[in-house]
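Participant: For the sequence shown, the numbering used here assigns the number 7 to the initial residue and increments by one for each residue that follows. Backbone N, C-alpha and C fix where the C-beta goes; we use that ideal spot for every residue, glycine too.
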Amino acid sequence: MSILREVEKLAALHKKAGNVRNRLPKTQAELWAFIGFQPRAIQETSLMQKKRFAVEVWHRRAGKTVMNIVRLIERAVFSKLKDARFAFMAPTFAQAEDIAWSYLLRFTEPFEPLGRDVEVTKLSVTLPNIGGSTSRIRLYGVDNPKQRLRGIYLDGVVLDEFQQIPGTVWTEQVRPMLADLSRRGEDHLGFPNQWAVFVGTPMGRNQLYAMYSRAAKWHAGKAATEFDPASNRYVSVTSSDWYAALHRASETGLIPPDELAIARRDMGESKYMQEFECSFDAVVVGAVFGNQLAQLRRHGRIGQIACRPNDPVHTAWDLGWDDATAIWFWQFAPGTDHLASREIYLIDYLEVTHHSLADIAAKLAEKGYRYGMHILPWDVAVSELGTGKDRKSILRELGILPAVAPKPRIKQDAISAAQALLDRCWIDEDRCAHGLDMLGLYRREMDDRKGVYRAEPVHDFASHAADALMTLALGLKRVAPPPDQDERPDAAVF
Ligand SMILES: Nc1ncnc2c1ncn2[C@@H]1O[C@H](COP(=O)(O)OP(=O)(O)OP(=O)(O)O)[C@@H](O)[C@H]1O
Ligand SMILES: [Mg+2]
């Protein structure tokens, strides 16, 4: 559609919205009746809460998606803002299209005579709002590069299946969009503008868990401990802006007990506990490091791990060409010479995309650590296309002297080494938060035809942290074998 046609269409919609505003529902109950939605009790509680931010952990098939589409329609219709914008984000475009889109079309249908505009190709619906302007609700898949999130503005957002959305989508892309002071304030029913709702079902202790546990503390009026990069210290933070809820199938009664019993038998205990009992400690199905991470949590080895400034900080890398470069920062156990140390302290994590090696070197310098070894993956010696130079030489020129980890015979060797290494780790929960999320998500998928897990884990946004950990595990075996193996470090690798 030409820009002129778009402008004309919008002007017509505005005019119509101005004329119909008195015919719009005026309360939540009126709106639910108007669109033919009868909320279940837990849906009603959720739809009525007025906090600006909410984290809702619900069991499968509880009505999360339906309810949040209704929430978006409510906020859209009751908005007093000019050209209000709301978004529903799903992990993949296919998920948004397959499920949420049909709910959105169905529940906005009654607005047709009042001026509903549907753009199928954009998965967006525009409705008249109570302020006499229009509100647009659009569905996004965060995996879809064609739906760019940058450059848009938002008045409210639902992040559905947040356990499968990288935490950085929130911190780096969505959160900044909700900081528009000129659009703060409240809607017709007193709900705050510039809001966000996170919805999901547990998948290990990943970004949904982190978000939920913090929100639950704030919801209960308690303080949460957070790492403050500005002061490089842990600080105690409170907030009255957050709502948190967790609903287990055994408590909601939404799914009949016999149905739950069948699901439990068919899915296996672990998956059932995760999906229906909202357990964050159930092992993520297919998760490569699930057992190790759960074990570390149980033993209190993931928490506040201070960096000891007098001891060197070492690094271990996964080098991305186009996608992310990931780096673990680590130290040996205090007071031990590195060859004797079995314990590894992961104290920090860095992940960047589209950064040159020079940019990354600058980031390392910025961290201000006193560096020891830099362990790089075996392919660091491969020549950079175009320049003919290998990355090892470039790093050397930048003052980073790499030790090179050996090439694993097969991927499983690297995975096993990383699993064994994790058992020896202590991990700082805050500075390594993103890395921990990614490790938790690193998983194998089921080969449905063969009924077994594929040997090679999924290569996606979660694999960089895992690959960097494998570099560390393989590299350590070479440069610092554990004391019970009578091997000398291989000096030739430096
Ligand atoms: N208030 C309601 N009244 C009647 N049926 C409902 C209601 N809410 C949801 N449902 C029905 O329950 C089913 C599950 O709804 P929905 O897809 O929203 O659940 P979900 O929690 O998002 O599920 P999943 O975990 O699979 O994503 C759908 O068939 C939906 O139509
Ligand atoms: Mg859903």
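Kindly say whether P412, judged by its beta-carbon, lies nearer than 8 Å to any beta-carbon of chain B.
Facilitator: Annotation note: the requested chain B is absent from the structure, which comprises a single protein chain.
Participant: Please confirm whether P208 and C284 have their CB atoms less than 8 Å apart.
Facilitator: Contact flag set, yes.
Participant: When a residue counts only if its C-beta is closer than 7 Å to some heavy atom of ligand 4, which residues count, in chain order?
Facilitator: Annotation note on ligand 4: not contained in the displayed structure, which lists ligand 1 and ligand 2 as its ligands.
Participant: Tell me whether P45, by its Cβ, gets closer than 7 Å to a heavy atom of ligand 1.
Facilitator: Yes; taking the cut-off as 7 Å, the Cβ of P45 has a heavy atom of ligand 1 nearer than that.
Participant: For A236, does the three-state DSSP call read helix, strand or coil?
Facilitator: Reduced to three states, the DSSP call for A236 is coil.
Participant: Between the C-alpha atoms of R81 and G405, what's the straight-line distance to the nearest angstrom?
Facilitator: In a straight line, the C-alpha of R81 is about 54 Å away from that of G405.
Participant: Would you check if the region 211-221 and the region 428-446 touch, i.e. whether three or more CB-CB distances between them fall below 8 Å?
Facilitator: As far as the Cβ criterion goes, the region 428-446 touches the region 211-221, which means the pair count is three or higher.
Participant: Exposed or buried, what is T114 when buried is set at 16 or more other beta-carbons lying within 10 Å of its beta-carbon?
Facilitator: With 16 or more Cβ atoms within 10 Å of its Cβ, T114 is classed as buried.
Participant: Measure the alpha-carbon distance for A1 versus I9 and round it to whole angstroms.
Facilitator: Because the chain is modelled from 7 through 500, residue 1 falls outside the range shown and cannot be assessed.
Participant: Ordered along the chain, which non-local residues of its own chain (more than five positions away) have a Cβ less than 8 Å from that of D453?
Facilitator: Same-chain partners within the cutoff: Y459 and R460.
Participant: Relative to the C-alpha of H465, which candidate in E232, A100 and Y448 has its C-alpha closest?
Facilitator: Nearest option by C-alpha distance: Y448.
Participant: Any heavy atom of ligand 1 inside 7 Å of the beta-carbon of T207?
Facilitator: Yes.
Participant: Quick one, which of N74, C431 and A17 has its alpha-carbon nearest P45's?
Facilitator: Ranking N74, C431 and A17 by Cα distance to P45 puts N74 first.
Participant: By DSSP, does A461 sit in helix, in strand, or in coil?
Facilitator: Here A461 sits in coil by DSSP.
Participant: Going by DSSP, which residues form a beta bridge with C431?
Facilitator: Answer by DSSP bridge pairing, in chain order: I350.
Participant: Quick check on the DSSP output: the beta strand (DSSP E) that includes W64 runs from which residue to which?
Facilitator: Run containing W64: F59 to W64, per the beta strand (DSSP E) assignment.
Participant: Specify, as a first and last residue, the run of the alpha helix (DSSP H) that M565 falls within.
Facilitator: With the chain running from 7 to 500 in the structure shown, residue 565 is simply not present.
Participant: Using only the alpha-carbon positions, how far apart do F197 and G446 sit?
Facilitator: Rounded to whole angstroms, F197 to G446 spans 35 Å at the Cα level.
Participant: Taking 8 Å as the threshold (C-beta atoms), are L266 and F286 in contact?
Facilitator: No, the Cβ-Cβ distance between F286 and L266 is not below 8 Å.
Participant: Specify whether the region 186-200 and the region 414-430 touch according to this definition: at least 3 beta carbon pairs, one from each stretch, less than 8 Å apart.
Facilitator: The region 186-200 vs the region 414-430: no contact.
Participant: Could you name the residues of the same chain whose beta carbon sits closer than 8 Å to that of L401, not counting the 5 residues immediately before and after it, in chain order?
Facilitator: The answer, listed in chain order, is L363, A367, H380, L382, V386, L407 and P408.
Participant: Runs of 3 residues minimum, wholly inside the region 155-207: which ones carry the beta strand (DSSP E) assignment?
Facilitator: DSSP runs (the beta strand (DSSP E)) wholly in the region 155-207: 162-165 and 201-206.
Participant: Would you kindly work out how many angstroms separate the C-alpha atoms of L299 and E349, rounded to a whole number?
Facilitator: Their Cα atoms are separated by approximately 15 Å.
Participant: Within the continuous alpha helix (DSSP H) that includes E14, where are the two ends?
Facilitator: Note, E14: alpha helix (DSSP H), I9 to V26.
Participant: Quick one: what does DSSP say Y448 is sitting in, helix, strand or coil?
Facilitator: Three-state DSSP puts Y448 in coil, outside helix and strand.
Participant: Here's a check: name, in chain order, each residue in its chain whose Cβ is nearer than 6 Å to the Cβ of V72, leaving out the five neighbours to either side.
Facilitator: Only Y109 meet the Cβ criterion.
Participant: Whose C-beta lies closer than 6 Å to the C-beta of Y375 among residues of the same chain, with five residues either side of it excluded?
Facilitator: For Y375, where only same-chain residues beyond five positions count, the Cβ hits under 6 Å are V319.
Participant: Report buried or exposed for V13, applying the criterion of at least 16 other Cβ atoms within 10 angstroms of its Cβ.
Facilitator: Label assigned to V13: exposed.
Participant: Give the range of the beta strand (DSSP E) segment to which I333 is assigned.
Facilitator: That run of the beta strand (DSSP E) goes T331 to F338.
Participant: Just the Cα atoms here: how many angstroms apart are F338 and D317?
Facilitator: Going from the Cα of F338 to the Cα of D317 covers about 8 Å.
Participant: Does the beta-carbon of A100, which I'm using as the reference point, lie nearer than 7 Å to any heavy atom of ligand 1?
Facilitator: No, the beta carbon of A100 sits no closer than 7 Å to any heavy atom of ligand 1.
Participant: Would L30 pass as a contact of P119 if the rule is Cβ separation under 8 Å?
Facilitator: No; because the gap between Cβ atoms is not below 8 Å, this pair is not in contact.
Participant: Do A221 and V61 count as a contact pair if the criterion is CB distance below 8 Å?
Facilitator: It is a contact, given that the beta carbons lie within the stated cut-off.
Participant: List in chain order: all unbroken alpha helix (DSSP H) runs of 4+ residues lying wholly within the region 369-434.
Facilitator: List check, alpha helix (DSSP H) in window: 397-403 and 417-428.
Participant: Alpha carbon to alpha carbon, how far is Y355 from C438? Give it in angstroms, no decimals.
Facilitator: Roughly 5 Å separates the two Cα atoms.
Participant: Taking 7 Å as the line, does the beta carbon of A90 fall inside it for any heavy atom of ligand 1?
Facilitator: It does not: the Cβ of A90 is nowhere closer than 7 Å to a heavy atom of ligand 1.
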